[in-house]
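Novice: Residues in the sequence shown are numbered consecutively from 1006, following this note's numbering.
Just so it is clear, CB atoms sit at the ideal spot from N, CA and C, and this is done for glycine as well.
After the structure tokens below, expect a handful of questions from me.
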Amino acid sequence: MEKYRLAWHEALGMGNENYRYHDHEKLAHYANAATDIEFRMPFGFKEVEGIHSRTNFDLSQHEKFSGRQMKYFDPERNENYVPYVVETSIGVDRMFLTVMCHSYTEEQLENGSSRVVLRLPEPLAPVKCAVLPLVNKDGLPEKAQEIVDDLKFHFNTTIEAKDSIGKRYRRQDAIGTPFCVTVDGDSLTDNSVTLRYRDSMEQVRVPIAKLREIIEDRVSITSVLKKLDVK
1006 MEKYRLAWHE
1016 ALGMGNENYR
1026 YHDHEKLAHY
1036 ANAATDIEFR
1046 MPFGFKEVEG
1056 IHSRTNFDLS
1066 QHEKFSGRQM
1076 KYFDPERNEN
1086 YVPYVVETSI
1096 GVDRMFLTVM
1106 CHSYTEEQLE
1116 NGSSRVVLRL
1126 PEPLAPVKCA
1136 VLPLVNKDGL
1146 PEKAQEIVDD
1156 LKFHFNTTIE
1166 AKDSIGKRYR
1176 RQDAIGTPFC
1186 VTVDGDSLTD
1196 NSVTLRYRDS
1206 MEQVRVPIAK
1216 LREIIEDRVS
1226 ITSVLKKLDV
1236 K
């Protein structure tokens, strides 16, 4: 059970080295094992999930007071027994704190400037993509809106046209948007755009027709679930 639960956390991509197990020395009277999954916070390792083997206590008590049979027949062992219950406890508040502590970064850039970037796991980012017309004229806002209208049915997409492109990049970095799409004059003729990656700030030219495929592969929760094939 431990490795399956840890695999979920590691699949979010927040650094396998930031997790550890902490076994309980003192156990509840009904338990025979208990361990916590802890994450390295700025203030030390803290529990993000608890895993407890409650043995057959729960079902035995239910059987005792309800008068209903709780035993399971195991055909391989050819015997009846009351199954054990393994309880795992994970809270949204703890996961939120974990993600925010890991994601918030203040970076000094090579050009001497700085930026605040929220490196949210891409599938958890509220806004997956921001489409930015380079200037707010010459047909670029209309082209940007066409792209938004296509992408918004597949993942949360927004459009932003106010201020310089650099300021807009910084705003999207600060709220954790994984991808920015810049629409410029060439986009009107060659149907390509500049795709910017939040974490690396790398910019690549891609066809508009490929945008959905490229982004969806990274931001879909399926990208997390594919990593959960634990042997």
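#1: Let me confirm a value: D1178 is counted as buried when at least 16 other C-beta atoms fall within 10 Å, else exposed. Which label applies?
#2: State the start and end residues of the unbroken alpha helix (DSSP H) segment that holds G1049.
#3: If I measure Cβ to Cβ from A1039 and keep anything under 8 Å in the same chain, skipping five residues before and after, which residues do I get?
#4: In this structure, what does DSSP give as the bridge partners for M1046?
#5: Could you pull the DSSP bridge partners for P1183 from this structure?
#6: Less than 8 Å between the C-beta atoms of V1087 and K1069, yes or no?
#7: Which residues share a DSSP beta bridge with T1110?
#8: With a cut-off of 8 Å on the beta carbons, I'd call P1126 and V1104 a contact; round off their distance for me.
#9: I need the straight-line Cα distance from C1185 to I1170, nearest angstrom please.
#10: Hey, how far is the Cα of A1149 from the Cα of C1134?
#11: Find the nearest neighbour of D1234 within the set E1007, A1012 and K1142, judged by alpha-carbon distance.
#12: Can you name the start and end residues of the alpha helix (DSSP H) that H1067 belongs to?
#13: Just grab the DSSP bridge partners of A1135 for me.
#14: Rounding to the nearest angstrom, what Cα-Cα distance links E1084 and L1017 in this structure?
#15: According to DSSP, simplified to helix, strand and coil, what is L1200?
#16: Does the structure place the stretch 1186-1204 close enough to the stretch 1137-1151 that three or more beta carbon pairs sit under 8 Å?
#17: Using alpha carbons as the reference points, say which of R1203, L1216 and R1025 lies closest to Y1109.
#18: How big is the Cα-Cα spacing for F1160 and E1043?
#19: Spell out the partners DSSP gives N1085 in its beta bridges.
#20: In the DSSP assignment, what residue or residues form a beta bridge with T1093?
#21: Whose CA, out of F1158, V1132, I1164 and K1157, lies closest to the CA of E1147?
#22: Quick one: grab the DSSP three-state call for V1224.
#23: Between which residues of its own chain and P1212 is the CB-CB distance below 7 Å, once the five residues before and five after are set aside?
Specialist: In brief:
#1: Here residue 1178 refers to the residue found at position 173 of the sequence shown. D1178 is buried by the Cβ-count criterion.
#2: As a working note, residue 1049 is residue 44 in the sequence shown. Careful: G1049 lies outside any alpha helix (DSSP H), inside the beta strand (DSSP E) at G1049 to S1058.
#3: If you number the sequence shown from 1, residue 1039 lands on position 34. Counting only Cβ-Cβ distances below 8 Å, and skipping sequence neighbours, we find D1028, H1029, L1032, A1033, G1055, I1056, H1057 and S1058.
#4: Position 41 of the sequence shown, counted from the first residue, corresponds to residue 1046. Partner(s): G1049.
#5: Counted from its first residue, the sequence shown places residue 1183 at position 178. DSSP lists no partner for P1183.
#6: By one-based count along the sequence shown, residue 1087 stands at place 82. By one-based count along the sequence shown, residue 1069 stands at place 64. No; because the gap between Cβ atoms is not below 8 Å, this pair is not in contact.
#7: Looking up residue 1110 in the sequence shown gives position 105. Answer is V1122, bridged to T1110.
#8: Numbered from its first residue, the sequence shown carries residue 1126 at position 121. Numbered from its first residue, the sequence shown carries residue 1104 at position 99. Right, the Cβ-Cβ distance comes to about 7 Å (below 8 Å), so this counts as a contact.
#9: Translated into positions along the sequence shown, residue 1185 becomes position 180. Translated into positions along the sequence shown, residue 1170 becomes position 165. Distance between the alpha carbons of C1185 and I1170: 10 Å.
#10: Counting from 1 along the sequence shown, the entry for residue 1149 is found at position 144. Counting from 1 along the sequence shown, the entry for residue 1134 is found at position 129. Using only the alpha carbons, I get a separation of about 12 Å.
#11: Your numbering for residue 1234 matches position 229 in the sequence shown. For D1234, the nearest C-alpha among the options comes from A1012.
#12: As a position in the sequence shown, residue 1067 is number 62, starting the count at 1. First-last of the alpha helix (DSSP H) with H1067: F1062 to S1071.
#13: The residue given as residue 1135 occupies position 130 in the sequence shown. A1135 pairs with T1163 and C1185.
#14: Residue mapping note: residue 1084 aligns to position 79 of the sequence shown, counting from 1. Residue mapping note: residue 1017 aligns to position 12 of the sequence shown, counting from 1. Distance between the alpha carbons of E1084 and L1017 is about 41 Å.
#15: As a working mapping, residue 1200 is identified with position 195 in the sequence shown. Reduced to three states, the DSSP call for L1200 is strand.
#16: yes
#17: Within the sequence shown, numbered from 1, the residue matching residue 1109 stands at position 104. Among R1203, L1216 and R1025, the Cα nearest to that of Y1109 is on R1203.
#18: Here residue 1160 corresponds to residue number 155 of the sequence shown, with the count starting at 1. Here residue 1043 corresponds to residue number 38 of the sequence shown, with the count starting at 1. Answer to the nearest angstrom: the Cα atoms are 31 Å apart.
#19: Mapped onto the sequence shown, residue 1085 falls at position 80. N1085 pairs with F1078.
#20: To locate residue 1093, count along the sequence shown from 1; it is residue 88. According to DSSP, which records beta bridges pairwise, T1093 is partnered with I1056.
#21: As a working mapping, residue 1147 is identified with position 142 in the sequence shown. Taking only the C-alpha atoms, the option nearest E1147 is I1164.
#22: For the purposes of this step, residue 1224 is taken as the residue at position 219 of the sequence shown. DSSP places V1224 in helix when its eight states are reduced to three.
#23: Locating residue 1212 in the sequence shown gives position 207, where the first residue counts as 1. N1196 and S1197, listed in sequence order.
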